[in-house]
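As you go down the protein sequences, you meet chains L and A in turn.
Using the working numbering, you'd call the opening residue of the first sequence number 1 and step up by one each time.
Using the working numbering, you'd call the opening residue of the second sequence number 1 and step up by one each time.
For glycine and all other residues, C-beta sits at the position ideal for the given N, C-alpha and C.
Everything on this sheet refers to the single structure shown next.
Protein chains: 2
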Amino acid sequence: MTCGAQGARSTMSRSLAQFLFAPRSVAIVGQSDDVTKTAGRPLKYLRQSGYAGRIYPINPRRKEVLGERAYPSLSALPDVPEHVYIVTPTEAAMEAVAECGKLGVKVATVLANGFAEAGPEGEAREARLRDICARTGLRIIGPSSLGIADLRSKAMLTANAAFDEPDLPTGRFLVASHSGSMIGALLSRGKARGIGYAGLVSVGNEVDLSLGEICEATLDDPGIDGYMLFLETLRHGDALRRFAQAAAAANKPVLAYKLGRTEAARELAVSHTGALAGEDDIAEAFLADCGIARVDTLDGLIEGLPLLKRVPRMASGGRKPTVAVVTTTAGGATMVVDPLASRGVAIQAPSTETLARLRSATGIAVAPARLIDLTVAGAQYAAMRAALDVLVNAPEYDLIVAVVGSSARFLPERAVQPIIDCASADKPIAAFLVPEAPQALAALSAAGVPNFRTPEACADAVAAALRRRTPRAVTSPIRRHATHFTNGRVLDELEAYALLDRIGITRTPAFAVDAGVTSAPALPFPYPVAAKALAADIPHKTEAGGVELGVRDGDALLAAIARIAANVGKHGRHLERVLVQPMIAALGEILVGYRVDRDVGPLVMLAAGGVLAEIYRDRSLRLAPVDLATAREMINEVRGLAALAGYRNKPSGDLDALARTIVALSQLPTADESVAEAEINPLMVLAPGRGVIAVDALVRLR
Amino acid sequence: MTCGAQGARSTMSRSLAQFLFAPRSVAIVGQSDDVTKTAGRPLKYLRQSGYAGRIYPINPRRKEVLGERAYPSLSALPDVPEHVYIVTPTEAAMEAVAECGKLGVKVATVLANGFAEAGPEGEAREARLRDICARTGLRIIGPSSLGIADLRSKAMLTANAAFDEPDLPTGRFLVASHSGSMIGALLSRGKARGIGYAGLVSVGNEVDLSLGEICEATLDDPGIDGYMLFLETLRHGDALRRFAQAAAAANKPVLAYKLGRTEAARELAVSHTGALAGEDDIAEAFLADCGIARVDTLDGLIEGLPLLKRVPRMASGGRKPTVAVVTTTAGGATMVVDPLASRGVAIQAPSTETLARLRSATGIAVAPARLIDLTVAGAQYAAMRAALDVLVNAPEYDLIVAVVGSSARFLPERAVQPIIDCASADKPIAAFLVPEAPQALAALSAAGVPNFRTPEACADAVAAALRRRTPRAVTSPIRRHATHFTNGRVLDELEAYALLDRIGITRTPAFAVDAGVTSAPALPFPYPVAAKALAADIPHKTEAGGVELGVRDGDALLAAIARIAANVGKHGRHLERVLVQPMIAALGEILVGYRVDRDVGPLVMLAAGGVLAEIYRDRSLRLAPVDLATAREMINEVRGLAALAGYRNKPSGDLDALARTIVALSQLPTADESVAEAEINPLMVLAPGRGVIAVDALVRLR
């Protein structure tokens with residue numbers, strides 16, 4: 001045993017990743033003598049797995065725990081452990097963290113709850129933890145962390161009951177999870193299908209070390225090939241983004257399952273972790289922008305990384321990737337086609353050339369259909385092999401999905417072996433086996449062929465892999481996102497127009513008139529006009545009776561102004577000015593918006609206009625700024641905009657001008673850092689070449 | 001061995017189900033001596049499983065196959081087998097079927113393909129098969145059937161490679177599938193999780209016996225408790241519906257997975273089975289109306305029936321069922337909440353009373369949230385048991401989902417056992433275990449607790465079970481649906497209005513004017529008016545320049561009529577008459593439609609009006625006729641109609657009148673059997689009490 005001083009010296013050159021995942025010495029504060037208790041587990045698991053470092057159980061009430069010497073406190077130890085797992089209740093945990101800081105412990109992982117999720121008192125505790133970190137250099141995982149486990153170093157610093165497991169397979173992926181239960185689920189579910197991990201970490205409340213920071217610390221680890229993330233929130237989005245960019249640079253794929261597709265689930269994340277949950281399409285846009293692939297199914301998370309490793313990232317604005325589905329069973333394969341198509345993946349029939357090659361190579365009269373169906377041949381090696389050889393060389397395909405029917409169970413040499421024999425092709429092949437076929441799946445895994453147990457997981461992972469983009473370099477100067485952005489000053493409409501003028505967005509001419517005017521003003525544009533209350537504190541002008549449209553002449557304008565002033569007056573406000581602007585005839589009305597989100601920073605949004613689009617929540621979001629290609633992608637994603645793109649022979653709108661406007665608005669973080677939120681609603685879309693015109697705008701400063 | 005005459009006599013009292021699933025004697029026509037070939041399998045599987053009846057292998061080219069005597073033909077057999085499996089190629093199969101008919105065989109199952117899916121020649125073959133059935137009383141399964149297997153009688157008449165399996169567990173569910181591969185997949189996947197079947201049948205092209213008919217034949221079988229259907233089409237919808245109604249009456253649940261959620265997948269069903277695939281929401285409406293629960297995931301199909309057995313059918317128009325989610329792990333449980341909520345299941349926080357009881361029974365300060373989260377207690381028997389006892393007695397819940405975290409793997413006595421101990425409660429409990437926990441799942445199954453391996457399958461099955469309705473007695477007189485319905489005569493608009501008048505739907509006043517009119521006609525209603533070409537063969541009047549709206553006076557009307565006649569004339573048509581009707585100011589425009597679908601019969605449809613609603617495909621469908629409660633459900637299902645139901649303080653429309661109009665239109669099958677299709681677009685919705693008014697209608701006869 002080295003003495004404390006030596007221990008301290010030798011840690012100087014060691015990295016955070018080593019303190020986290022491969023500590024030379026660990027202490028368990030609060031280790032129980034009773035293995036049926038949560039606090040009894042860490043020592044048991046450490047011994048069971050054969051951890052080779054020094055282990056210090058700490059329990060002031062016992063001389064021995066689980067047959068080993070127990071120490072009364074951290075300061076009573078012969079040296080300073082590198083990593084301390086604190087499994088005591090909340091108040092004792094606070095004391096133990098303070099002691100860790102005092103002694104120079106590198107990392108403390110905290111199990112206790114009672115922090116941010118427990119209201120103001122808990123938030124105060126978190127502040128104290130952060131203060132200890134800042135003063136002493138201690139790094140904390142948690143609180144509410146079910147621990148961290150490295151299956152290579154056998155540092156099983158976890159109280160998760162699912163780790164009571166012999167013969168845990170070691171693998172090359174790291175699991176990081178907001179949920180502590182999930183590290184146990186991914187461990188045991190992985191083991192059941194022969195999937196091992198390098199390590200798993202339950203990050204808890206992320207009071208100090210965030211999930212992104214922990215993962216980033218391991219990027220140099222040559223034993224880690226990829227990352228599986230289980231996310232409940234996007235808290236610490238900056239760190240996650242930094243990690244994702246570095247992971248992409250290191251060519252290590254990152255796959256995430258994020259809770260909160262639905263409002264019901266997001267509500268739970270709020271009550272459970274004390275974090276605020278954003279809207280799901282913001283999370284979607286953020287993860288996509290970071291180049292993190294997102295799956296929707298648990299099995300997709302468990303089985304998806306090998307596919308991600310094989311599928312290159314798609315260039316933004318490039319050709320939509322296409323998939324070939326080849327099969328020995330049409331019914332089974334269609335089970336994959338349905339969820340693939342519903343995720344927007346293009347499943348394409350072979351080109352004339354490819355079809356001819358398929359027919360000549362297989363000897364089968366393959367139909368010119370989306371599904372390359374070899375059923376008539378039965379499951380035969382030669383036919384499947386020949387078809388795969390043609391498909392991996394067919395230029396129209398980016399990925400091949402091979403679906404094998406009943407033969408996969410007992411006769412894998414027929415239609416599974418050809419997939420294995422094509423594993424080294426440049427083009428990725430994903431395999432789904434229709435029957436239960438564990439041996440064939442294991443053989444596919446051993447050969448490096450991504451394979452899936454359910455059609456849904458297969459489609460989920462394929463869609464996630466094909467959607468994955470290269471993360472963008474973050475150009476936005478807005479890094480830290482305060483929560484009080486919602487309190488900033490709202491500009492009046494003329495001020496908002498001035499902002500649009502500065503950033504190059506065309507807006508309607510507008511003329512301010514005194515609300516007390518008694519004779520019709522001379523306008524710089526012809527009638528009919530719109531008249532609107534001009535005041536920053538009336539954001540919902542229409543609802544307040546502050547808007548009159550289609551005003552036909554001077555007399556009507558005077559009457560309209562009087563009505564508007566009276567309506568606004570009902571709310572106890574004295575209206576100073578009315579804004580008059582020409583009526584704009586347009587092909588359609590849409591909404592573009594910008595806002596600085598608390599979690600992910602500046603965002604740009606595009607939506608179809610009107611009540612229906614709002615009801616259908618038909619919108620596209622991106623992290624700002626965006627380029628023209630991305631703006632065009634956004635236009636394609638808003639389904640309702642089909643009505644402005646030649647749908648049913650309707651006249652098209654100037655979508656080029658719309659794309660330029662989206663780009664201009666998205667550059668707000670560079671143009672004007674003071675803007676927290678800007679919404680142009682409606683933006684009128686004119687005929688091609690005639691542009692788009694903002695006829696109302698709402699801007700709030702930070 | 002009995003002689004032929006005895007055999008024939010003794011079959012007199014036997015049922016179709018027995019000939020199908022428990023034949024006393026079987027023949028395999030085309031049985032190969034090579035077990036590596038498809039045609040070598042049936043005899044092998046029959047012997048391997050220990051089938052106790054007489055087996056006659058037939059192979060004209062060999063004296064022996066697989067060490068057994070082979071017969072040269074069916075007529076050379078010592079008696080007439082009850083069930084013949086024909087595994088020869090197409091032409092030989094046609095001959096064998098003819099011989100079956102001649103000999104008085106009860107059932108022939110045909111493996112060969114080359115029928116409807118192979119074009120006109122194949123269709124002619126199918127016609128010959130149907131003719132043989134009609135003349136001889138032979139019943140046929142297939143063609144393109146991978147066979148039929150009964151795991152109790154061991155009649156393994158299948159060539160599916162996945163049946164090469166020892167120790168197949170016997171169960172109480174029957175599997176019927178359009179896909180032959182899927183019977184192997186469900187067999188092997190079931191076996192891997194301890195789920196056995198009574199039998200499985202691959203119904204192939206259904207040239208004679210349809211899937212519905214086969215299932216219906218087994219409804220008296222006391223060994224069958226429920227049905228798992230794998231559907232590629234709704235061919236023979238009548239038989240399926242009849243079966244579903246009888247199954248509901250017999251209290252035997254029916255669970256279906258139907259391919260074709262997406263157009264890409266429906267396209268495949270067309271090319272693969274030769275069947276035409278309808279739109280998916282029609283299939284959805286049909287299955288719902290039949291009381292067949294539909295799942296979206298393969299695991300949901302495999303694991304869902306035990307839950308279906310426990311969940312009572314919901315009354316149409318009743319209270320929306322609500323679910324409690326109770327858990328020892330918030331993150332894991334949220335994985336179920338997300339897919340539940342995205343399927344529209346209401347996950348409800350406990351009532352004040354229930355919350356108080358939960359807190360007092362568990363001793364935990366349970367939060368007043370949607371998720372009943374016991375995490376703080378750790379996984380403890382007492383807390384989970386007490387919570388479940390409260391929840392199964394809480395009147396606000398229809399179903400409990402219990403989600404257990406890592407403890408489920410090695411400590412099932414903690415939080416899984418309490419679920420088992422509540423299994424006999426009146427209220428259904430569905431269990432999802434977050435880690436891999438096969439023992440705990442088996443214990444749950446043994447105790448009759450529906451349990452699920454993935455959060456997605458759990459949510460899928462729960463949603464399907466809660467949506468399930470009591471099938472309606474079919475009141476429509478339209479039973480058989482001809483495919484030529486699309487060729488019937490189109491009524492002109494006045495004739496269509498006369499039909500609306502007959503069925504009690506309010507329509508606009510309308511006045512027909514000669515297209516050659518030279519002076520303004522005296523109208524029975526004031527200006528402004530709409531003028532429309534009145535001719536049955538111009539269905540898309542607007543596109544043809546045949547509509548003018550907002551015509552202000554007599555002169556404008558004359559000009560409008562002239563323009564309309566000229567526009568219509570450009571298409572080479574001489575226009576006789578123009579229809580004039582008043583302009584109707586309304587709160588909104590919607591679309592209601594009726595049509596007799598080829599697969600499922602009369603349907604009624606409701607959709608929001610306008611291009612956006614069309615793009616979003618926002619519509620609700622039901623089998624016609626519907627009652628008022630169902631019409632109101634339909635109104636609630638069309639998201640865009642929220643704009644007429646007080647959304648954002650907009651004025652509400654007369655939704656009661658709308659519901660009555662839907663009911664009236666849906667009664668067309670009784671009112672007028674001659675109508676194939678009727679569409680009112682738009683139907684103008686006025687303020688409450690002021691009704692709805694049809695301002696255009698398109699009707700096509702059969």
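_Where Leu31/L falls: helix, strand or coil (DSSP)_ = Per the sequence shown, the amino acid found at residue 31/L is Gln instead of Leu. If DSSP states are grouped into helix, strand and coil, Gln31/L belongs with coil.
*Compute the Euclidean distance between the alpha carbons of Ser32/A and Pro471/A, then round it to the nearest angstrom.*
Roughly 46 Å between the two C-alpha positions.
*asked:* So for Lys37/L, helix, strand or coil by DSSP?
replied: Three-state result, Lys37/L: coil.
*asked:* In the DSSP output, which residue or residues are listed as bridge partners for Thr109/A?
replied: When beta bridges are read from the DSSP output, Thr109/A appears opposite Tyr85/A and Ile141/A.
*In three-state terms, what does DSSP make of Phe115/A?*
DSSP places Phe115/A in coil when its eight states are reduced to three.
*Return helix, strand or coil for Tyr616/A, following the three-state DSSP convention.*
Look at Tyr616/A here: in three-state DSSP terms it is helix.
_Beta carbon proximity, Arg616/A to chain L, threshold 7 Å_ = Checking the sequence, you will find Tyr at residue 616/A rather than Arg. So, interface residue.
*asked:* Can you confirm whether Asp672/L, when its beta carbon is compared against all beta carbons of chain A, has any partner nearer than 7 Å?
replied: By this cut-off, Asp672/L is not an interface position.
*DSSP-derived helix/strand/coil call for Glu121/L*: In the structure shown, Glu121/L sits in a helix (DSSP, three-state: H, G or I).
_Rounding to the nearest angstrom, what Cα-Cα distance links Ala8/A and Pro57/A in this structure?_
Caution is warranted here: a pLDDT of 45 is assigned to Ala8/A, below 50, making its placement in the model unreliable, and the coordinate value is therefore given only provisionally. Whole-angstrom Cα-Cα distance: 20 Å.
*Is it buried or exposed for Thr483/L, if we count other Cβ within 10 angstroms and need 16 for buried?*
Reliability fails at Thr483/L, whose pLDDT of 45 lies under 50, so the model's placement of it is uncertain and the value that follows must be treated cautiously. Flag for Thr483/L reads exposed.
*Beta-carbon separation of Ala402/L and Thr354/L under 7 Å?*
Result no, Cβ atoms of Ala402/L and Thr354/L do not sit closer than 7 Å.
*Please name the residue in Leu603/L, Thr233/L, Gly569/L and Ala613/L whose C-alpha comes closest to that of Tyr647/A.*
Per the Cα distances, Ala613/L.
*Below 8 Å, can you find three or more Cβ-Cβ pairs linking the region 563-583 of chain A to the region 665-673 of chain L?*
The answer is no - the region 665-673 of chain L does not touch the region 563-583 of chain A, with fewer than three Cβ pairs under 8 Å.
*According to DSSP, is Leu701/L helix, strand or coil?*
Of the three classes helix, strand and coil, the one that applies to Leu701/L here is strand, per DSSP.
*May I have the straight-line CA-CA distance separating Leu388/L from Asn451/L, to the nearest angstrom?*
C-alpha separation (whole angstroms): 16 Å.
*Can you check the region 344-386 of chain A for any alpha helix (DSSP H) of at least 4 residues that lies completely inside it and give the ranges in chain order?*
Entirely contained in the region 344-386 of chain A, the alpha helix (DSSP H) runs reaching 4 residues are, in chain order, 352-362.
*Asn451/L in three-state terms, based on DSSP*: In the three-state reduction of the DSSP assignment, Asn451/L falls in the strand class.
*Chain-ordered chain L contacts of Gly378/A [CB-CB under 8 Å]*: Think of a sphere of 8 Å around the beta carbon of Gly378/A: the chain L residues whose beta carbon falls inside it are Thr38, in chain order.
*asked:* For a test of the three-state rule: what should DSSP assign to Ala482/A, helix, strand or coil?
replied: At Ala482/A the pLDDT is 46, less than 50, meaning the model places this residue with poor confidence; the figure from the coordinates comes in the next sentence. Here Ala482/A sits in coil by DSSP.
*Go ahead and label Thr518/A buried or exposed: buried means 16 or more other beta carbons lie within 10 angstroms of its beta carbon, across all protein chains shown.*
It is exposed - the Cβ of Thr518/A has fewer than 16 other Cβ atoms within 10 Å.
*asked:* I'd like to know whether the C-beta of Met94/A is nearer than 7 Å to at least one C-beta of chain L.
replied: By the rule that beta-carbons nearer than 7 Å mark a contact, Met94/A does not touch chain L.
*How about Thr262/A: is its C-beta nearer than 7 Å to some C-beta of chain L?*
Closer than 7 Å to some Cβ of chain L, the Cβ of Thr262/A qualifies, so yes.
*Residues of chain A with a CB under 7 Å from the CB of His178/L: which are they?*
Those within 7 Å of His178/L in chain A are Gly331.
*Please name the residues in the region 180-200 of chain L whose beta-carbon is closer than 8 Å to at least one beta-carbon of chain A, in chain order.*
Residues of the region 180-200 of chain L with a Cβ closer than 8 Å to any Cβ of chain A, in chain order: Gly180, Ser181, Met182, Gly184, Ala185, Leu187, Ser188, Arg189, Lys191 and Ala192.
*Just the C-alpha distance for Arg673/L and Ala664/L, rounded to the nearest angstrom, thanks.*
Looking at the sequence provided, one finds Glu at residue 673/L rather than Arg. One C-alpha to the other measures close to 14 Å.
_Of the listed residues Asp34/A, Ala93/A, Ile195/A and Glu95/A, nearest to Val65/A (C-alpha basis)_ = Out of Asp34/A, Ala93/A, Ile195/A and Glu95/A, Asp34/A has the C-alpha closest to the C-alpha of Val65/A.
*With DSSP run on the structure shown, which of helix, strand or coil describes Ser445/L?*
Of the three classes helix, strand and coil, the one that applies to Ser445/L here is helix, per DSSP.
_Partner residues on chain A for Val611/L, Cβ-Cβ distance less than 9 Å_ = Result: Gly640, Ala642, Ala643, Tyr647, Arg648 and Lys650.
*For the alpha helix (DSSP H) containing Phe243/L, list its first residue and its last residue.*
Segment Gly237 to Ala249, the alpha helix (DSSP H) holding Phe243/L.
*Can you say whether Ala315/A is buried or exposed, counting buried as having 16 or more other CB atoms within 10 angstroms of its CB?*
Label assigned to Ala315/A: exposed.
_Can you look up Gly550/L in the DSSP assignment and give me helix, strand or coil?_
Here Gly550/L sits in strand by DSSP.
*Quick one: is Asn160/L near chain A, going by C-beta distance under 7 Å?*
Closer than 7 Å: yes.
*Residue range of the beta strand (DSSP E) that includes Ala515/A*: It is not in any beta strand (DSSP E) - Ala515/A carries neither H nor E in the DSSP assignment.
_Do Ala608/A and Val638/A have their beta-carbon atoms positioned less than 7 Å apart in this structure?_
With respect to Ala608/A, Val638/A sits close: the two C-beta atoms are nearer than 7 Å.
*Given 8 Å as the limit, is there contact between the region 281-291 of chain L and the region 359-373 of chain L, that is, 3 or more CB pairs closer than that?*
The region 281-291 of chain L, when compared against the region 359-373 of chain L, does not touch it at the 8 Å Cβ threshold.
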